[in-house]
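K.L.:
Quick note on numbering: the sequence shown equals residues 1 to 339 in UniProt numbering.
The beta-carbon is built from N, C-alpha and C at its ideal position, and this holds for glycine as well.
Please see the structure below; I have some questions.
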Amino acid sequence: MERSERIDDPPGVATLVPPLPGGVRRDRRGGTVVLWAMTATCLGWGALRLTGWEPVFRWSQAVSFTPYLAVAALVPLAWAALTRRWRAAVTAFVAVAMFAVIMLPRMLPGTQPPARGPALRIMTLNMWNGNVSISALMEQVRRYRPDVLTLQEVTGPVPERLAAEGMAGLLPYAYTLPEEDANGVAIYARHPVSEGRRLPGTGPGQAAAIVTMPDGRRVEIVSVHACAPSSGWRTACWEPSVRRLPGAGGPLRVLAGDFNATLDHAVLRGLIATGYRDAADATGHGLTMTWPYHEQPFFFPKIAIDHVLADERIAVRDFRAVTLPGDDHRLTVTDLTLP
């Protein structure tokens, strides 16, 4: 039987001090195990992301959520510091530092090249198999007046529906490849479009065309729709569909659309390294999420898979995303200045 110890007190006053419950040490040990498990997870996640090694396909899916792990990594750091578990605190700090290296550049605008050519506004949207409201899309076209609009998941009726809503009066030139099953793709422009071509390979449609500016400058525009990194045949299709996109160099080129990849995927960073800049990243808006937005609760984690990659000779002035009713992707608007 446990006994309470009596402490000497002034006469007439008796204070009983109960012994510490036997479970307190076990609880502390259990808390330490949980703390180290959280710290190790954040540390391992950060290390894998920094090295670019994607050991299994499921990791290629999970790494999309790196921005959320960057925030979560603050929890074990704060816990360890408040409870004075200093070894855990130092380890957690290393994990937080890793995530800072990954995330901070996306939040800070980069240096722009000395481009003084014509302005070029790019708008892009995945139409969710043609289900987006055409009137809502046209409202944004009239509002932002883009020079180029790239569309993905363009089904058969979409070009006619756009024409009925007055697209020809705003973006009269086009190269369209409407198809069912989310394979259709299109490029609309304010200026002449030529040399349209479908990119080779299986999976959703991806197309390129030349837009000739009023001063004669030519820019190749690619409407991007990479395979989704999901199950079945798409697993093998995903990475090759990004790799077959044309690298930078030579003629001016802009890739715009649904890459189904985030800046935390090595395959996308490899494409950018050929001489592109991600518009959101270059303007400090790299944490602007673009999918999924249709009927999702506000707390459902979103990721950034819709991008505009501009040749590094092109200045990126602005990037924004707009939510449209009835679409799971957000529409993006990017302002560029050609060299």
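Provide the residue(s) that pair with Leu-177 in DSSP beta bridges, ordered along the chain.
P.N.:
For the purposes of this step, residue 177 is identified with residue 177 of the sequence shown, where counting begins at 1. Bridge partners of Leu-177: Val-185.
K.L.:
Could you give the distance in angstroms between the alpha-carbon of Pro-178 and the alpha-carbon of Pro-159?
P.N.:
The count along the sequence shown starts at 1 and reaches residue 178 at position 178. The count along the sequence shown starts at 1 and reaches residue 159 at position 159. Taking the straight line joining both Cα atoms gives about 8 Å.
K.L.:
Any idea what DSSP makes of Ser-133, helix, strand or coil?
P.N.:
Locating residue 133 in the sequence shown gives position 133, where the first residue counts as 1. Coil, per DSSP.
K.L.:
Let's test the definition: count the other Cβ atoms within 10 Å of the Cβ of Val-101 and tell me whether it reaches 16, buried, or not, exposed.
P.N.:
Counting from one through the sequence shown, the residue named residue 101 turns up at place 101. With fewer than 16 Cβ atoms within 10 Å of its Cβ, Val-101 is classed as exposed.
K.L.:
With a Cβ-Cβ cutoff of 8 Å, do Glu-165 and Ser-133 count as a contact?
P.N.:
Here residue 165 corresponds to residue number 165 of the sequence shown, with the count starting at 1. Here residue 133 corresponds to residue number 133 of the sequence shown, with the count starting at 1. No.
K.L.:
To the nearest angstrom, how far is it from the Cα of Val-154 to the Cα of Ala-97?
P.N.:
As a working mapping, residue 154 is identified with position 154 in the sequence shown. As a working mapping, residue 97 is identified with position 97 in the sequence shown. Using only the alpha carbons, I get a separation of about 43 Å.
K.L.:
Taking Arg-313 and Pro-109 to be in contact with their CB atoms under 8 Å, please state how far apart those CB atoms are, rounded to whole angstroms.
P.N.:
Start at 1 with the first residue of the sequence shown, and residue 313 comes out as number 313. Start at 1 with the first residue of the sequence shown, and residue 109 comes out as number 109. 18 Å between Cβ atoms; not a contact.
K.L.:
Would Thr-332 be called buried (16 or more neighbouring beta carbons within 10 Å of its own) or exposed?
P.N.:
Working through the sequence shown from its first residue, we reach residue 332 at position 332. Thr-332 should be labelled buried.
K.L.:
Contact defined as beta carbons within less than 8 Å: I believe Met-289 pairs with Ala-266. What is the distance between those atoms, to the nearest angstrom?
P.N.:
In the sequence shown, residue 289 corresponds to position 289, counting from 1. In the sequence shown, residue 266 corresponds to position 266, counting from 1. That belief does not hold up - the Cβ atoms of Met-289 and Ala-266 are roughly 20 Å apart, past 8 Å.
K.L.:
Applying the 10 Å Cβ sphere with the 16-neighbour rule, what's the burial state of residue 395?
P.N.:
Because the chain here runs from 1 to 339, residue 395 falls outside it and cannot be looked at.
K.L.:
Less than 8 Å between the beta carbons of Tyr-188 and Leu-149, yes or no?
P.N.:
Numbered from 1 along the sequence shown, position 188 holds the residue referred to as residue 188. Numbered from 1 along the sequence shown, position 149 holds the residue referred to as residue 149. Result yes, Cβ atoms of Tyr-188 and Leu-149 sit closer than 8 Å.
K.L.:
If you compare alpha carbons, which of Gly-169, Leu-151, Arg-116 is closest to Met-123?
P.N.:
Here residue 123 refers to the residue found at position 123 of the sequence shown. Checked all of Gly-169, Leu-151, Arg-116; the closest Cα to Met-123 is Leu-151.
K.L.:
Using the Cβ count rule (16 or more neighbours within 10 Å means buried), how would you classify Ser-64?
P.N.:
Counting from one through the sequence shown, the residue named residue 64 turns up at place 64. That one is buried.
K.L.:
Measuring alpha carbon to alpha carbon, tell me which of Leu-287, Ala-236, Ile-221 ends up nearest Leu-245.
P.N.:
Counting from 1 along the sequence shown, the entry for residue 245 is found at position 245. Closest by alpha carbon: Ile-221.
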